[in-house]
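Peer 1: Residue numbers (my numbering): 30 to 495.
Just so it is clear, CB atoms sit at the ideal spot from N, CA and C, and this is done for glycine as well.
The structure displayed is predicted, hence computed values, not measured ones.
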Amino acid sequence: MLFGGLLLGCWHSAAVLANDVPEERQYLQWIAMLDSDSSQRRQYAWENLSRSLHSGIGTAQNLHLLSVVRRELREPELSFELQEKLFILENELKSLLETQDQPVPEMPADPVETVSWKTLVDDLPSRRSQTRRQIEEQIRHGDGVCETMVMLRQIIVSENLSEDDRMHVWALFHQARMKWLADPDRRLEADGLSESRILEMLQSLASVNLPEDKLVPWMNLHERTTRQFSVRPNQEPLGGDGFAFLSPISRDGERLGLAVWLTVQSLEDALISGRYAGFTQKKIQEMLGSRKMTPSGTILLSRLAFLTKPCLAAEYWTNGEMKTAQFLQVGVPQNCGVGTSYFDRMSGDQVHCEEGMNLAAGDYALNAAVRHPNQKGSFFHFVKLETLEEKLLYPQEMRKQAAVRWREISEKTLARLDAECRKESRILTPDELLTLELLEPQALSVQIGRWLGGWNGVESVVRVGE
């Protein structure tokens with residue numbers, strides 16, 4: 030015992046020297062001690078790892094420690110407690126690198142075929158966490174995301190799954206699906222689609238007999254867009270993917286809601302598919318025209334039809350925050366009680382307003398700040414939701430931090446103004462100069478620096494003194 034105490038003291042003395050840079054074997058020794066039965070040894074190891082992290086030993090050494098921690102996290106038999114400690118260390122290292130304006134290296138993703146899907150719902154928490162982490166890295170890299178999405182979807186609808194596990198798997202699936210939708214270059218055709226299979230799924234939905242009150246989020250979407258239809262940043266304008274309200278529905282022990290959710294998901298894939306989109310859309314319209322459906326079947330098929338129609342989100346921003354988004358169907362007038370909003374067409378990067386409560390008739394820019402004519406400090410931001418993919422991705426865009434979105438909108442607005450002025454060999458108009466006041470200060474500062482830096486005494490986008 031005395032020898033152990035002396036040895037621990039020697040280690041401690043050696044580790045805390047201000048100018049010492051621990052070697053990899055020292056890191057590995059401390060990490061192993063984090064799993065010790067002795068609380069003293071665990072505390073000693075944690076203090077030394079934390080001290081190494083914050084001792085100012087340099088970016089290169091912190092990057093090295095990060096690589097060691099990540100390598101250890103891939104070990105298959107980690108205890109849950111050690112895994113949690115390593116997660117904390119990894120997050121602290123990433124935060125430290127970010128505060129130093131250093132890029133955080135990405136973790137290499139394992140091939141999809143190496144994933145042990147069973148351990149995603151393993152009894153051991155450490156195995157579950159490790160597999161989820163592995164899948165998250167694959168999704169982040171985008172490799173094999175279609176296969177990942179299909180596998181996770183099948184796990185979600187399996188019978189012998191706890192509700193907690195089902196929710197965790199759905200969260201991973203949602204990440205994979207958003208990645209799949211957002212990246213057309215990597216988007217593979219979903220497996221198992223054929224014209225006969227699509228017809229079978231449509232007939233299945235048409236005959237579904239669910240309580241209509243369970244489908245309220247998907248009900249009357251077309252009718253909603255003919256009246257005032259506004260949502261806040263944390264709301265789902267189109268009811269989400271249905272998992273939250275469909276998955277609990279069961280009848281006589283059968284998870285009927287999950288089966289409906291899976292069918293709807295597969296038909297959305299068909300509507301996105303380059304090969305089957307036209308066929309699927311045509312058959313949905315034929316079924317809706319036949320009126321040979323249950324009430325709940327009508328709701329489900331009408332929603333799918335609505336997702337293919339061109340729509341527009343008219344966001345209202347003030348003081349750098351989005352307050353509401355008005356959801357409109359292009360080509361369909363919306364009665365707002367005190368007036369009508371009517372955007373009749375979209376083309377390229379513009380939308381045409383035929384009639385508006387605040388805006389005059391004319392063309393307006395998409396994905397750029399449009400100054401509110403009556404409220405100082407406020408602007409509209411029009412988001413094109415023409416395709417099914419754009420509609421499904423939009424709620425995720427709305428949930429971004431307001432500061433991040435404000436910066437993105439500002440950068441796009443400035444890039445558009447710069448391109449237009451250069452193309453037309455003109456300076457900013459008075460209205461465009463007023464628009465600059467609405468933009469995020471740092472983005473504006475960067476662009477003004479470019480303009481002034483490029484000023485050659487003849488003409489620039491802005492003139493000195495204007």
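Less than 8 Å between the CB atoms is what I'm expecting for L126 and N77, so what's the real figure, rounded?
Peer 2: Sequence index remark: in the sequence shown, residue 126 carries index 97 (1-based). Sequence index remark: in the sequence shown, residue 77 carries index 48 (1-based). 20 Å between Cβ atoms; not a contact.
Peer 1: Please name the residue, chosen from G377, S454, E415, E440, that lies closest to V475 on a Cα-to-Cα basis.
Peer 2: On the sequence shown, residue 475 is found 446 positions in, with the first residue counted as 1. When only C-alpha atoms are compared, the closest one is E440.
Peer 1: For my contact list, V20 and A205 are in at a C-beta cut-off of 8 Å; report their separation, rounded to the angstrom.
Peer 2: Nothing about residue 20 can be reported from this structure: the residues present for the chain run from 30 to 495 only.
Peer 1: Between the Cα of R157 and the Cα atoms of E53, L102, T88, I301, which residue gives the shortest distance?
Peer 2: Taking the first residue of the sequence shown as 1, we reach residue 157 at position 128. Comparing Cα positions, the closest option is L102.
Peer 1: Quick check on the DSSP output: the beta strand (DSSP E) that includes W435 runs from which residue to which?
Peer 2: Within the sequence shown, numbered from 1, the residue matching residue 435 stands at position 406. Segment 431-453 is the alpha helix (DSSP H) holding W435; no beta strand (DSSP E) there.
Peer 1: Grab me the residues of K243's own chain with a C-beta within less than 7 Å of its C-beta, minus the 5 sequence neighbours each way, in chain order.
Peer 2: For the purposes of this step, residue 243 is identified with residue 214 of the sequence shown, where counting begins at 1. Cβ neighbours of K243 beyond the five flanking positions: F274, I278.
Peer 1: If the criterion is Cβ atoms closer than 7 Å, does the pair V150 and D193 meet it?
Peer 2: Position 121 of the sequence shown, counted from the first residue, corresponds to residue 150. Position 164 of the sequence shown, counted from the first residue, corresponds to residue 193. Their beta carbons are not under 7 Å apart, which means V150 does not touch D193 by this criterion.
Peer 1: Can you check which of these residues, D298, L291, A334, L467, is closest to Q183 by C-alpha distance?
Peer 2: By 1-based counting over the sequence shown, the position of residue 183 is 154. Of the candidates D298, L291, A334, L467, the one whose C-alpha sits nearest the C-alpha of Q183 is L291.
Peer 1: Kindly list the residues whose CB is nearer than 6 Å to the CB of L329, restricted to its own chain and excluding five residues on each side of it in sequence; keep chain order.
Peer 2: Here residue 329 corresponds to residue number 300 of the sequence shown, with the count starting at 1. Here the set comprises L234.
Peer 1: What is the DSSP secondary structure of E469, counted as helix, strand or coil?
Peer 2: Against the sequence shown, residue 469 aligns to sequence position 440. In this structure, E469 counts as coil in the three-state DSSP scheme.
Peer 1: To the nearest angstrom, report how far apart H83 and Q471 are at their CA atoms.
Peer 2: The residue you call residue 83 lines up with position 54 of the sequence shown. The residue you call residue 471 lines up with position 442 of the sequence shown. Cα to Cα, the separation comes out at about 30 Å.
Peer 1: Please report the straight-line C-alpha distance between D130 and S96, rounded to a whole angstrom.
Peer 2: For the purposes of this step, residue 130 is identified with residue 101 of the sequence shown, where counting begins at 1. For the purposes of this step, residue 96 is identified with residue 67 of the sequence shown, where counting begins at 1. Rounded to the nearest angstrom, the two C-alpha atoms are 18 Å apart.
Peer 1: DSSP puts R320 in a beta bridge; with which residues?
Peer 2: Taking the first residue of the sequence shown as position 1, residue 320 is located at position 291. Answer is none; R320 lacks a bridge partner.
Peer 1: Which residues does DSSP pair with M375 in a beta bridge?
Peer 2: For the purposes of this step, residue 375 is identified with residue 346 of the sequence shown, where counting begins at 1. Note: M375 sits in a beta bridge opposite V380.
Peer 1: Drop a sphere of 10 angstroms on the beta-carbon of G326, count the other beta-carbons inside from all chains shown, and report buried for 16 or more, exposed for fewer.
Peer 2: Here residue 326 refers to the residue found at position 297 when the sequence shown is read from its first residue. Label assigned to G326: buried.
Peer 1: Going along the chain, which residues of its own chain have a beta-carbon closer than 7 Å to the beta-carbon of M230, five neighbours each way excluded?
Peer 2: Within the sequence shown, residue 230 is the residue found at index 201, counting from 1. Same-chain partners within the cutoff: T292, S295, L296.
Peer 1: Please work out which residues of its chain come closer than 6 Å, Cβ to Cβ, to L443, disregarding the five sequence neighbours upstream and downstream, and give them in chain order.
Peer 2: Position 414 of the sequence shown, counted from the start, is the residue given in the question as residue 443. Once the five neighbours on either side are set aside, the close Cβ partners of L443 are Q476.
Peer 1: Are the CB atoms of M62 and R54 nearer to each other than 7 Å?
Peer 2: As a working note, residue 62 is residue 33 in the sequence shown. As a working note, residue 54 is residue 25 in the sequence shown. Cβ atoms of M62 and R54: not closer than 7 Å.
Peer 1: Could you check the C-alpha separation between Q430 and R320 for me, to the nearest Å?
Peer 2: The residue you call residue 430 lines up with position 401 of the sequence shown. The residue you call residue 320 lines up with position 291 of the sequence shown. For Q430 and R320, the distance between alpha carbons rounds to 44 Å.
Peer 1: On the DSSP bridge assignment, give the partners of L414 in chain order.
Peer 2: On the sequence shown, residue 414 is found 385 positions in, with the first residue counted as 1. DSSP output for L414 lists C340 as bridge partner(s).
Peer 1: Rounded to whole angstroms, how far is the Cβ of D373 from the Cβ of E383, which I believe are closer than 8 Å?
Peer 2: Here the question's residue 373 lines up with position 344 in the sequence shown. Here the question's residue 383 lines up with position 354 in the sequence shown. Yes, D373 and E383 are in contact; Cβ-Cβ is about 4 Å, under 8 Å.
Peer 1: Tell me the rounded alpha-carbon separation between G282 and W199.
Peer 2: On the sequence shown, position 253 is the one that residue 282 refers to. On the sequence shown, position 170 is the one that residue 199 refers to. So the two alpha carbons sit approximately 21 Å from each other.
Peer 1: Do L357 and V380 have their C-beta atoms closer together than 7 Å?
Peer 2: As a first step, residue 357 must be located in the sequence shown, where it is residue number 328. As a first step, residue 380 must be located in the sequence shown, where it is residue number 351. No.
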